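These notes are about the structure you will find just below.
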Amino acid sequence: MQSPGYRLEQYTLQHLQEVLLVQVESEGQRDEVVIFKGYSSSLTSPTNFDPDMPVLPEQARILTVDRLMGPYNPAEPQYLQRGLSWPEMQAVLAAEGL
Numbered sequence: 013m014q015s016p017g018y019r020l021e022q023y024t025l026q027h028l029q030e031v032l033l034v035q036v037e038s039e040g041q042r043d044e045v046v047i048f049k050g051y052s053s054s055l056t057s058p059t060n061f062d063p064d065m066p067v068l069p070e071q072a073r074i075l076t077v078d079r080l081m082g083p084y085n086p087a088e089p090q091y092l093q094r095g096l097s098w099p100e101m102q103a104v105l106a107a108e109g110l
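Here the working numbering is used: the first residue of the sequence shown is 13, the next is one more, and so on.
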């Protein structure tokens, strides 16, 4: 089974007009990750320069996922769906064959 981060990145490759804003917790630390066109970047901590290195660790717990219209503009976000739980987002991914 593929990692959650990989599945979310693949989703954005199939939906190039969407941006995912993911709230996660890992090792007691919260992080906010934006995923767009197959790439992930942390908004709250340093992101590795190597795009093959996962931004979402395997042990990260996904708290919520927001689906937005791209490109992402933090001043005027255009939400498609907001506050999806990980099980709800998994259903979206499964419907897409991910």
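From the three backbone atoms N, C-alpha and C, an ideal C-beta is built for every residue, glycine too.
Source: prediction; values computed, not measured.
- Contact check for Gln93 against Arg73 fails: the beta carbons are separated by 9 Å or more.
- In this structure, the straight-line span from the alpha carbon of Gln26 to that of Pro83 is close to 15 Å.
- Counting only residues of its own chain and dropping the five nearest sequence neighbours on each side, Glu21 has a CB closer than 8 Å to the CB of Ile47, Gly50, Tyr51, Ser52.
- Collapsing the DSSP output to three states places Gly17 in a helix.
- Residues of the same chain with a CB within less than 8 Å of the CB of Gln29, apart from the 5 flanking positions on each side, are Met81, Gly82 in chain order.
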